[in-house]
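Residue numbers (this note's numbering), protein chains in the order written: chain E, 1 to 311; chain V, 312 to 622.
Scroll down for the structure; my scribbles are underneath it.
Structure representation (structure tokens):
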């Protein structure tokens, strides 16, 4: 067998409340497993063990597009075989494409002797995101690579800031079995916002990062309001208001849309509350006869990791 | 002589770069001195030792309006005599009215045996601001009372958050001898902003508070961009672009309009740089034959303080 690494690439929540488009975090569950191996062939090989219908053409698969961006920068002609066991459903709103592209560049970077740091891999992984959604956003790939909460302060120049979070904080994600296209979800947003809402959003995002860094759960909770995207996008998710209410009544600190949905996430300060919130959120969908998957986990602080190294 | 306290009330910088309308800080120079004394009369008495033409009618002076708001809440009929030696020029954009109203409620609270904490005094001081500018903003009175950097996360409910700043950080303020009405300065702002600018502002304000809390001067510097108010309001200040350029070339971390101007502030990581930046900023105005005052001081961490207690 060729030299290879087996990696775990976590799901990620982007658009964290008022951190619309700029703040994301990684979670421990769900996550993809990817086996990355060097190959001597003329092109990358993609093997889909997940049965989710991943594109097998290296020019169309986010993972190989990301790898090629890295190889181009490095001036390497190495090819890789990628075997995917995806557990993050494509289109679920918790960074499925990001897990693939970030995981792929992470694994191939290891096999090349780590020419790049995790931070330096972000722009390559973003090329995969561009293939997936048409925009090279960083708010999923950066937390997947770095772990924890990550602020994308700016794209030009790219400025990725790890936000030290509280020692313990838990996430409940509920993924309802409905589908929303990321692209549509972007199009329905207005291209302007009122000055008042812009200021409110600024106040809340400043409060949220302050709460995260200083471990002030009261402030995290009070700041978890998105006045820009959530009021519009939540119309695309059936039962949204009821699900959010259930999470907050169960004691969650806050609840909002994960990415562009349809997944909904809640943050809690202990694991019991996170379980209770997730259960109650799932119940609302069940009552409306919408199937859903519930994932409970601590915020992942490490990001992508090696499971075993094979050679 | 009646029981009294002599207090120092600091100038404050609001609209700190991307923290438009939500972030302010206090400085050590300039600052007002106010002698607050109990009086047995039927009404408050205002004595103006500054010769700046303060309103002497207690219903029109920001300080007595603020005190009356506190006394009403407390159910007290006590009256005070306030003697002002103002060193913060009214209309300069560094919290002149805030220093008066915050100082007045602070001093009278002390004389009443401290029924309120500094935080609790903020809403009373805001009543003075409402009299001064028509809007009960907190981004000057809160840092005047609490010291340091203060985030006004929300007005409804009022949520005032002290942002722990770096151990050492210095401010240069240059006040050019021109006048801008706060009200006009508000009116020229557009009532909507592009979604893109709102997100940019959110990214920068989140970066700025993260930089302040973690002592990351690189991040503070990179985040000091206001894409909402500065591009419009800077047109009201002659030589603005040149003054800002001079501050940055002198090594300042960032430079923006203080409050609604005309004062311009710069932040620096050491005192020498702050002096150099202030000098260079003042020179630009001098070259344009505009007189200006330059103030250099550390960020004030303590807020309003007692100078001496007289009884």
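By construction, the Cβ of each residue, glycine as well, lies at the ideal position given by its N, Cα and C atoms.
Values in this document were obtained by computation on a predicted structure and should not be read as measured data.
Return the chain-ordered list of same chain residues with a C-beta closer than 7 angstroms to the C-beta of residue i, the five sequence neighbours on each side being excluded.
i              : result
residue 69(E)  : 124, 127
residue 462(V) : 333, 334, 472, 474, 520
residue 261(E) : 93, 180, 185, 233, 236, 237
residue 80(E)  : 36, 37, 38, 39, 44, 67, 108
residue 142(E) : 24, 122, 150, 152, 160
residue 263(E) : 92, 93, 94, 173, 174, 175
So, with DSSP's three-state summary, where would you put residue i?
i              : result
residue 122(E) : helix
residue 541(V) : helix
residue 331(V) : coil
residue 378(V) : helix
residue 6(E)   : strand
residue 37(E)  : strand
residue 1(E)   : Here residue 1(E) scores only 49 on pLDDT, less than 50, and its place in the model is too uncertain to base an answer on.
residue 581(V) : coil
residue 184(E) : helix
residue 326(V) : coil
residue 458(V) : coil
residue 49(E)  : coil
residue 533(V) : helix
residue 82(E)  : strand
Pull up the distance between the alpha-carbon of residue i and that of residue j, whole angstroms please.
i              : j              : result
residue 325(V) : residue 488(V) : 19 angstroms
residue 567(V) : residue 583(V) : 19 angstroms
residue 553(V) : residue 595(V) : 7 angstroms
residue 615(V) : residue 412(V) : 11 angstroms
residue 136(E) : residue 130(E) : 4 angstroms
residue 501(V) : residue 105(E) : 44 angstroms
residue 87(E)  : residue 8(E)   : 10 angstroms
residue 657(V) : residue 481(V) : In the structure as shown, chain V starts at 312 and stops at 622, and residue 657(V) therefore has no counterpart that could be examined.
residue 114(E) : residue 74(E)  : 11 angstroms
residue 50(E)  : residue 32(E)  : 10 angstroms
residue 311(E) : residue 4(E)   : A caution first: residue 311(E) carries a pLDDT of 46, below 50, which makes its placement in the model too unreliable to give a value.
residue 546(V) : residue 600(V) : 18 angstroms
residue 221(E) : residue 232(E) : 21 angstroms
residue 586(V) : residue 179(E) : 59 angstroms
residue 299(E) : residue 524(V) : 21 angstroms
residue 455(V) : residue 107(E) : 53 angstroms
residue 99(E)  : residue 322(V) : 50 angstroms
residue 277(E) : residue 517(V) : 28 angstroms
residue 372(V) : residue 414(V) : 13 angstroms
residue 26(E)  : residue 598(V) : 54 angstroms
residue 312(E) : residue 580(V) : Nothing about residue 312(E) can be read from this structure; chain E reaches only from 1 to 311.
residue 312(V) : residue 393(V) : Note that residue 312(V) scores 49 on pLDDT, short of 50, meaning its location in the model is unreliable and no value can be drawn from it.
residue 28(E)  : residue 431(V) : 42 angstroms
residue 227(E) : residue 590(V) : 42 angstroms
residue 593(V) : residue 341(V) : 16 angstroms
residue 570(V) : residue 57(E)  : 56 angstroms
residue 46(E)  : residue 479(V) : 54 angstroms
residue 155(E) : residue 530(V) : 14 angstroms
residue 187(E) : residue 499(V) : 30 angstroms
residue 251(E) : residue 558(V) : 49 angstroms
residue 374(V) : residue 550(V) : 34 angstroms
residue 249(E) : residue 370(V) : 46 angstroms
Write down the C-beta distance between residue i and residue j rounded to the nearest angstrom, noting that I regard them as a contact closer than 8 angstroms.
i              : j              : result
residue 94(E)  : residue 173(E) : 6 angstroms
residue 606(V) : residue 564(V) : Their Cβ separation, rounded to whole angstroms, is 17 angstroms, which puts residue 606(V) and residue 564(V) out of contact at 8 angstroms.
residue 245(E) : residue 148(E) : The Cβ separation is near 28 angstroms, so there is no contact.
residue 401(V) : residue 433(V) : Contact flag wrong, Cβ pair sits at about 21 angstroms.
residue 266(E) : residue 504(V) : No, residue 266(E) and residue 504(V) are not in contact; Cβ-Cβ is about 30 angstroms, not under 8 angstroms.
Comparing C-alpha positions only, which one of the options sits nearest to residue i?
i              : options                        : result
residue 451(V) : 599(V), 327(V), 619(V), 604(V) : 327(V)
residue 403(V) : 609(V), 604(V), 617(V)         : 604(V)
residue 382(V) : 420(V), 364(V), 357(V)         : 420(V)
residue 331(V) : 512(V), 457(V), 491(V), 430(V) : 512(V)
residue 229(E) : 361(V), 592(V), 507(V)         : 507(V)
residue 444(V) : 456(V), 408(V), 457(V), 477(V) : 408(V)
residue 157(E) : 227(E), 138(E), 112(E), 167(E) : 138(E)
residue 476(V) : 457(V), 393(V), 522(V), 431(V) : 522(V)
residue 457(V) : 429(V), 574(V), 466(V)         : 429(V)
Counting only the same chain and skipping the five closest in sequence on each side, list residues whose C-beta sits under 6 angstroms from that of residue i.
i              : result
residue 6(E)   : 35, 307, 308
residue 204(E) : 18, 223, 225
residue 359(V) : 365, 395
residue 376(V) : 438, 439, 442
residue 215(E) : 166
residue 116(E) : 109
If you drop the 5 nearest sequence neighbours on each side, which residues of the same chain put their C-beta closer than 8 angstroms to that of residue i?
i              : result
residue 602(V) : 487, 488, 596
residue 470(V) : 463, 464
residue 112(E) : 74, 76, 78
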